[in-house]
Each structure stands twice: as structure tokens, then as C-alpha cells.
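>
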Amino acid sequence: MSTMRFGRRTYRNGEVPQSILAEVLPPGCHGTSRRSRAYLRRDAAESWNRAVVQVEEDTGLRLTVRGWTRTLVEQRTFFFQRYRRGARSPFRDYRKYDGATYGRVRGAAAAVPGYSNHGWGLAVDVNDFGGVGEFGNGRRCKAYPILKNHGWTETEGRRVNEPWHLVYNPTADQGAGRRPARRRRRGASTAAAPSLKPRRPPTIKQRSRRHAWNRLWKEYLRAQGVFDGDTGPAFGASLTEATRTWQKKAGLTPDGVVGPRTWFTSTHGVKVGSTGAAVKIAQQVAGLKGKDVDGVAGSVFATRWKQIQRWLGVRADASIGDRTVAALVRKG
Ligand SMILES: [Zn+2]
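Numbering (my numbering), first residue to last: 2 to 333.
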């Protein structure tokens, strides 16, 4: 078992707490399912998130990962799937663990539990970066030189023949301390990229007379499957109840009042190509009016939302994710 100093504390491999981890962007697009959330040690996540913005800007590739921080239990599971105590390894790969020799009998190499860079939250396994030994993979060849500048190293991956395995080395990170939002804002001031303050929808609640907004909120909750009442303009008790149900599901205070936090949160997940009531709300927040509020996120939507995201200081991709919603709640 090895240990690591980070900040002013010492951590054991595979036991790094959530408090020193940060999420890998884009949220909820990782794993083999492309739907998992991924976490790395704070500085590694910051670097990765900044690197993938540049990779996308320079190459058009969107990177996701299928391996990130691993607990000791996960490391053990991995190891024992592939290595057997005392076994002869057709790969000639032998590891010492717990005083015994283990031979790899199947699968790719795995670190001895307690000694993995995944256990520190400092390694990623990148999706679609080639199979075993395929270091010439096209996506990898385009993206790796950029990742390298941000401190992502391939030495360990080369050693075990895994093109997808990269390890963060803070001292090799040439972009450390430069956050992408700040970089973009600096760029914005010279290139005069326009930014736009989001519009704050009115707070509505039971007996509210903002009829158009009441209707929109009903439409949204209906689409969310939590409201099946009338489509009329009134905000009644059943809508309050449905609002509470939705707020609970969204992790908000279930007070039945539709204020900025609730409105902004309802736009989560909307991006170019989305349709429906959530898009209409996002279009309203973007200051669009009349026939432009059509529930279809097209090019006008994209332009406006990128401007809003610039104003918020988050990545301007017209995709409303966790960071955009959090910034809206904070600053909008
Ligand atoms: Zn790995």
C-alpha cells in the first residue's frame, strides 16, 4: 500500500475522498456506456477538462474516458480477474502481491492493488484510443500531443502496451493555473466576442397570474411525466404538487415555487438538436421571444447560448450541463 501527499494531507491509494476529486467533463458521458460520471484528483480533472476543450477546438474530437479513479476494492476486482496466484502467465507477466507471485492469465495488464495511478485519481483510460499496442490510432495521434502539453503522460501506458492509459504529471503541465474560462475571457476581450446576460424568468407559484409562464411550466412538467392535469393558464394545487415532485427528483427544495433556480435547472441537458418544453424555457432564458420560442434548439439558440455561457464564464458550447446550470443559479 502506498501513500500520497496532496494539499496538507496524506491519502492511501484507492482511498482518496470525494472532497479532493472533481468531475471530468462533459458530465455523464463516460464509461463504456458513455453515461457515467467520472472523477479525478482536483488538479488532474482541472487539467483534463482544460485539455479536452483545446483538443475539441483544434481537432474537433470529443474525448471521453472509460477509466478514472479506482477504489481499492475496484483495483482488487480488476487484478483478480486477470491474475492468479502461482499461475503460469502466457504473457510472462508476473506481479508480487501480498507476499505471493501472481501470473496474468487473461486480459490486459492491471496494477497491483494499492499501487495504481487510478487509485490516486491521476490516470484515465481514454475511449476510442486504439486497442492493445495500437499507438498509431488516428484519434490518439491527433489528440495526444495536445494532452501531453497539459501534463498527460504515456510512459506507463507504453510500458503496459495500453494506448488508452494516460497519467497526469503536474510538473509536466504547461497549462496549470490557466483555467479555460479565464483564457476564453481574455480572448474575448481582444476578439470582442459578444456575451449576453441571461434573462431571469419570473417566479411563479400557486394562484400566479403569469399565464403564459404557467402554461409553459405545465408543458414542461407534462413532458417530464409528473403532471397530467389541464393545459389551462391557472396555477392550481395539482401543479404545485407536481412541481414539488419534480423538485424533489431534481435535488431542489420541494417548495412548489418555480423560481430562478427551478427554471434554470429545468434547462439542464438541453443542447443543439434538442426539442420540447425544456428548449422553450432555455429559449426564454436566452431572451428569445415570439416565434423564436419554438421548442427547437437550432442555430439561433446555439449563438445565443454561447454568448450566455461566455457571460457566465463557462465553456461556450451551447450545451446546458452541470456547470452552466450552476453558473446560472449563481450569477443569473
Ligand atoms: Zn488505466
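Just so you know, even glycine gets a beta-carbon here, dropped at the ideal spot from N, CA and C.
Gly-132: which of Ala-110, Asn-118 and His-151 sits nearest, CA to CA?
What you label residue 132 is simply residue 131 of the sequence shown in a count that begins at 1. Ranking Ala-110, Asn-118 and His-151 by Cα distance to Gly-132 puts Ala-110 first.
> So for Val-315, helix, strand or coil by DSSP?
Walking along the sequence shown from the start, residue 315 turns up at place 314. Val-315 falls in the coil class under three-state DSSP.
> Find the nearest neighbour of Arg-105 within the set Arg-85, Val-113, Pro-114 and Leu-123, judged by alpha-carbon distance.
As a working note, residue 105 is residue 104 in the sequence shown. Per the Cα distances, Arg-85.
> Verify whether the separation of the beta carbon atoms of Ala-287 and Arg-305 is less than 8 angstroms.
The residue given as residue 287 occupies position 286 in the sequence shown. The residue given as residue 305 occupies position 304 in the sequence shown. Yes.
> Let me know the secondary structure DSSP gives Trp-165 once reduced to three states.
Taking the first residue of the sequence shown as 1, we reach residue 165 at position 164. DSSP places Trp-165 in coil when its eight states are reduced to three.
> Within the same chain, show all residues whose beta-carbon is closer than 6 angstroms to that of Ala-224, passing over the 5 residues directly before and after it, in chain order.
Mapped onto the sequence shown, residue 224 falls at position 223. Within the same chain, Ala-224 has close Cβ partners Gly-277 and Ala-278.
> Which residues neighbour ligand 1 when neighbourhood means a C-beta less than 6 angstroms away from any of its non-hydrogen atoms? List them by chain order.
Selection output, chain order preserved: Gly-68, His-119, Ala-124, Asp-126 and His-166.
> Distance, Cα to Cα, Gln-55 vs Gly-299?
The sequence position of residue 55 within the sequence shown is 54, counting from 1. The sequence position of residue 299 within the sequence shown is 298, counting from 1. One C-alpha to the other measures close to 24 angstroms.
> With DSSP collapsed to three states, give me the class of Glu-155.
By one-based count along the sequence shown, residue 155 stands at place 154. Three-state DSSP puts Glu-155 in coil, outside helix and strand.
> Helix or strand or just coil, what does DSSP make of Ala-46?
As a first step, residue 46 must be located in the sequence shown, where it is residue number 45. Helix at Ala-46.
> How is Tyr-145 classed by DSSP in three states: helix, strand or coil?
Residue 145 sits at position 144 when you count from the first residue of the sequence shown. In the structure shown, Tyr-145 sits in a helix (DSSP, three-state: H, G or I).
> What does the alpha-carbon distance come out to for the pair Glu-155 and Ala-327?
Sequence index remark: in the sequence shown, residue 155 carries index 154 (1-based). Sequence index remark: in the sequence shown, residue 327 carries index 326 (1-based). Straight-line Cα distance between these residues: approximately 34 angstroms.
> Can you give me the C-alpha to C-alpha distance between Lys-332 and Tyr-103, rounded to a whole angstrom?
If you number the sequence shown from 1, residue 332 lands on position 331. If you number the sequence shown from 1, residue 103 lands on position 102. Cα to Cα, the separation comes out at about 55 angstroms.
> Since Asp-59 and Ile-147 are thought to touch, with beta carbons under 8 angstroms apart, how far apart are those beta carbons, to the nearest angstrom?
To locate residue 59, count along the sequence shown from 1; it is residue 58. To locate residue 147, count along the sequence shown from 1; it is residue 146. About 6 angstroms; that satisfies the 8 angstroms criterion.
> Applying the criterion that 16 or more other CB atoms from any shown protein chain within 10 Å of the CB defines a buried residue, is Arg-71 buried or exposed?
Residue 71 sits at position 70 when you count from the first residue of the sequence shown. Arg-71 should be labelled buried.
> Just the C-alpha distance for Gln-207 and Asn-215, rounded to the nearest angstrom, thanks.
Taking the first residue of the sequence shown as 1, we reach residue 207 at position 206. Taking the first residue of the sequence shown as 1, we reach residue 215 at position 214. The alpha-carbon atoms of Gln-207 and Asn-215 are separated by roughly 9 angstroms.
> What are the uninterrupted segments assigned as alpha helix (DSSP H) that are 4 or more residues long and contained completely in the region 257-319, given in chain order?
List check, alpha helix (DSSP H) in window: 261-267, 278-286 and 300-313.
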